[in-house]
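Reading through the structure tokens given below for one structure.
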Amino acid sequence: MRSHTSDSTTSRAYRSLVKAFRGDGTPDVFGRNLSDYRIGYNTVDGTIPQSDVILCLPGVTNQFSLARVKLRSVKFTGTHVPQFHRIGANGEFLQITQFSGLCWPWDNTIHLGKILFYGT
Amino acid sequence: MAIHLCRDYNTQNVTTGNRTYIYAYLLAIFMRRVLGYSYVGDTNFNINSVGTLLIATGDTTPTAATPTFPPGNRAGINLGFQKEFFVSIPAGVRTVNLNDVGRILVLRSTSNPTFNSGIFVIVGFDIPTNSYIIDYRTLGDKPPVEPADSMNWYLYEKDTNCPTQGVGNTLKTSAEYRGDGNSTTPRIMLQSPHSTNYQVRICNESTADVATGPTTLTCPTTSVAVGLGGNASGDFLAGGSHSHAPQWANSSGVQYLGGAAGMSDGGGSIGTQFRVTMIGGDDGYGVAVFARRPGNGTQPTGFICVFGLPFNEPLPLPSNPAARLFTIGTGFSGSDNFGAREINDMGLQAGPIYSIINANNVSQGMSVSPFGVPVSCSASFWAYITGGGQNTGPQLDASASDTPFISSTELLPLDLIQGTTSGWNTGTTAIPVYPLAPRLMGTIPYVYEGRANFGDFSPSTDPGRSFQHMRRGLFIPWNGPNIIP
């Protein structure tokens with residue numbers, strides 16, 4: 002992603018941030034490192050916790066940005082949720098891959114076939 | 132809602148081990164007299180009525196839920212040139228005198244709550260004006276003038292004589308939690324002015340409950356628990372609706388170590404001084420307490436303790452009102468032979484006691500589950516999706532700076548989540564004792580996430596000093612005077 006006007010010619014590799022279940026790091030950060038189904042499901046409410054994603058630019062002097070953008074169309078659960086499981090009270094997200102916990106917007110459709118033709 | 136500060140109180144008692152109980156004393160006074168929490172009950176912690184600890188006040192109903200200051204009974208501050216730090220006291224209520232030097236003057240300002248509210252040490256007195264001269268804790272800024280009869284005031288005993296510690300309940304066995312009932316250990320129960328009427332128990336834990344090693348007993352020197360249904364002795368009930376896990380389970384079992392989060396300064400080191408800053412609102416959402424070392428020393432470390440009711444709670448609210456409450460602090464006390472004197476060093480990173488003993492600065496937090504039993508709770512920072520341990524998040528990035536997009540430091544609300552760990556106790560894998568029931572609770576009041584290399588204990592650079600960076604990337608609203616480094 003391009004940066005601000007004084008840094009207009011350099012593409013910067015931003016990093017994805019998600020919420021941690023405890024403090025600021027592992028164990029138990031949403032995404033590929035979350036495999037513990039005991040905290041990956043809210044068994045009281047019958048819901049699956051999910052995290053928004055923001056992009057951060059660390060590690061580059063004078064270019065730091067903690068929260069540059071929020072990705073509207075991506076959420077993360079964990080690897081405990083099966084692929085193509087519908088997420089949310091109205092199925093508004095779908096677990097696309099199990100190994101990363103990535104979810105995309107969905108319309109609550111129950112789809113019996115393989116959604117991504119060439120796999121994930 | 133008005134935010135009040137207690138700014139940088141310098142502990143006076145540096146010569147005895149009782150120093151570690153000053154935080155409980157200051158916190159209880161700040162909540163009761165500045166933030167308007169009402170009194171529920173206490174044991175050997177009488178800050179409520181005039182006596183040994185409360186020496187004098189213009190409040191004619193100091194034990195009532197709301198104070199009564201008849202006309203002429205209030206205080207003023209800044210009497211003019213070279214009398215800027217004078218606090219005028221109504222002579223009809225109290226004649227200033229030498230015995231009051233070193234005592235504590237509590238002020239509550241509605242006009243300048245981030246400047247003139249707080250807890251101040253009396254360093255002198257002036258007979259002609261019947262004024263106390265206070266240690267205002269400023270780097271050049273003078274107090275905004277408030278004329279006589281404008282501020283609530285309370286005169287408290289020196290921190291050297293604060294409530295300390297007592298023995299455990301003699302009617303119980305060593306297998307039980309013993310800081311309740313007929314225990315003589317000082318504790319107090321205060322009730323929030325928030326409409327939920329939640330209660331806060333501040334307890335200097337008894338000699339039968341303070342952990343004396345990583346596998347012995349359960350409590351830090353001072354616990355801060357939140358809940359409902361406290362009694363006149365300053366206790367919650369076993370099995371009641373509160374966050375104090377050892378008391379809830381009535382157990383001294385080490386599996387509950389860390390389950391009574393609170394305050395302690397790392398122990399040891401006679402001569403060690405701490406500087407205490409507290410922030411809270413008069414709407415009763417809670418308090419954040421910070422204790423730092425002069426020179427920002429880390430052996431022993433400072434600490435953070437934050438508790439109350441979250442901001443921005445997601446709807447629907449849990450039907451159990453206690454499930455909305457939280458407390459995060461340190462779950463044990465350091466000492467020379469226990470924990471290398473490391474506590475949380477003012478960080479809200481999370482981990483069990485085992486992590487602290489290995490010199491990782493982490494906090495422990497407790498709440499109540501929607502189904503009524505104590506559960507863990509933690510701050511939930513933004514973290515790299517690719518992982519990394521505690522204290523490796525983006526707010527600790529060494530190259531962090533103001534973002535070039537807005538030429539300012541970014542601050543984000545800090546989420547609070549409960550039910551994500553099953554134990555805080557000692558062991559590489561803590562003994563499971565709390566249910567896993569993950570639930571977003573809201574955001575932590577008064578504490579924001581930013582970058583850790585802003586400069587410890589530095590105000591933001593905007594004209595009003597909107598925020599102060601405390602440590603480890605935690606910021607609090609400030610809007611107060613310049614800060615002594």
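Same order as they appear, the protein sequences are chains A and B.
Just so we're aligned, residue 2 is where the first sequence starts under our numbering, counting upward by one.
Just so we're aligned, residue 132 is where the second sequence starts under our numbering, counting upward by one.
Beta carbons: idealized from backbone N, C-alpha and C, even for Gly.
From a predicted model like this one, the values you see are computed outputs, not experimental measurements.
Within chain A, not a single residue places a beta-carbon under 9 Å from that of B:Glu-215; the smallest gap is close to 39 Å. Apart from sequence neighbours up to five positions away, the residues of its chain that approach A:Ser-66 with a beta-carbon distance below 7 Å are Cys-57 and Leu-58, ordered along the chain. Separation of B:Asp-340 and A:Ile-55 (C-alpha to C-alpha, rounded to the nearest whole angstrom) is 44 Å. The alpha-carbon separation between B:Arg-423 and B:Asp-476 amounts to approximately 8 Å.
Taking a Cβ-Cβ threshold of 9 Å, none of the residues of chain A is close to B:Arg-602; the smallest such distance is about 14 Å. For the C-beta of B:Phe-512, the chain A residues within less than 7 Å are, from N- to C-terminus, Ala-21, Gly-24 and Asp-25. Restricting attention to B:Pro-594, B:Ser-494, B:Ser-248 and B:Met-162, the CA atom closest to the CA of A:Gly-24 is found in B:Ser-494.
The three-state secondary structure of A:Tyr-15, taken from DSSP, is coil.
Excluding its 5 nearest sequence neighbours in each direction, B:Asn-362 has C-beta neighbours in its own chain below 7 Å: Gly-172, listed in chain order. Its chain contains Gly-189, Asp-190 and Asn-283 as the residues whose beta carbon lies nearer than 7 Å to that of B:Phe-200, once the 5 sequence neighbours on both sides are disregarded; these appear in chain order.
Within the region 23 to 47 of chain A, Arg-23, Gly-24, Asp-25, Gly-26, Thr-27, Pro-28, Asp-29, Val-30, Phe-31, Gly-32, Arg-33, Asn-34, Asp-37, Arg-39, Ile-40, Gly-41, Tyr-42, Asn-43, Thr-44, Val-45 and Asp-46 place their CB atoms closer than 9 Å to a CB of chain B, listed in sequence order.
Among the residues of chain B, those whose CB is under 7 Å from the CB of A:Gln-64 are Pro-535, following chain order.
For B:Lys-273 and B:Glu-215, the gap between their C-alpha atoms comes out near 6 Å. For a Cβ distance threshold of 7 Å, nothing in chain A lies close to B:Ser-248: the least Cβ distance comes to about 31 Å. With a threshold of 16 other beta carbon atoms within 10 Å, B:Pro-202 falls short and is exposed. At least one CB atom of chain A sits nearer than 7 Å to the CB of B:Ala-531.
The beta-carbon distance between B:Pro-431 and B:Thr-408, rounded to whole angstroms, is 17 Å. This is too long to meet the 8 Å contact definition.
Residue environment for B:Arg-164: buried (at least 16 other C-beta atoms within 10 angstroms of its C-beta). In its chain, beyond the 5 residues on either side, Val-54 have a beta carbon closer than 6 Å to the beta carbon of A:Leu-72. DSSP places B:Thr-574 within a strand segment (E or B) once states are collapsed to three.
The region 354 to 442 of chain B is shown to contain whole alpha helix (DSSP H) runs of 4 or more residues at 376 to 380, in chain order. Counting the other CB atoms within 10 Å of its CB gives A:Tyr-38 a total below 16, which places it among the exposed residues.
Using a CB distance cut-off of 7 Å, B:Ile-516 counts as an interface residue toward chain A. CA-to-CA, the gap between B:Met-497 and B:Pro-505 works out to about 7 Å. For the pair B:Asp-231 and B:Ile-253, the CB atoms are nearer than the 7 Å cut-off. By the beta-carbon neighbour count (other beta carbons within 10 angstroms, threshold 16), B:Phe-212 is exposed. Considered as a whole, the region 33 to 74 of chain A harbours 38 to 41 as its complete alpha helix (DSSP H) runs of no fewer than 4 residues, in chain order. The region 132 to 146 of chain B makes contact with the region 232 to 247 of chain B, as at least three CB pairs between them are under 8 Å. DSSP places B:Ile-516 in no alpha helix (DSSP H); its state is neither H nor E.
For a Cβ distance threshold of 7 Å, residue set Tyr-515 of chain B lies close to A:Arg-16, ordered along the chain. Identification of residues in the region 540 to 571 of chain B having a C-beta nearer than 7 Å to some C-beta of chain A yields Glu-541, Leu-543, Asp-546, Ile-548, Thr-551, Thr-552, Leu-567, Ala-568, Pro-569 and Arg-570, given in sequence order. Below 8 Å, enough C-beta pairs join the region 507 to 520 of chain B and the region 8 to 22 of chain A to call them touching: three or more.
Interface flag for A:Gly-89 against chain B is unset, since no Cβ pair is found closer than 7 Å. Annotated three-state conformation of B:Pro-525 is helix, per DSSP.
In the DSSP annotation of this structure, B:Ala-481 is not part of any alpha helix (DSSP H), being labelled neither H nor E. By the criterion of at least three beta-carbon pairs nearer than 8 Å, the region 93 to 105 of chain A is not in contact with the region 563 to 574 of chain B.
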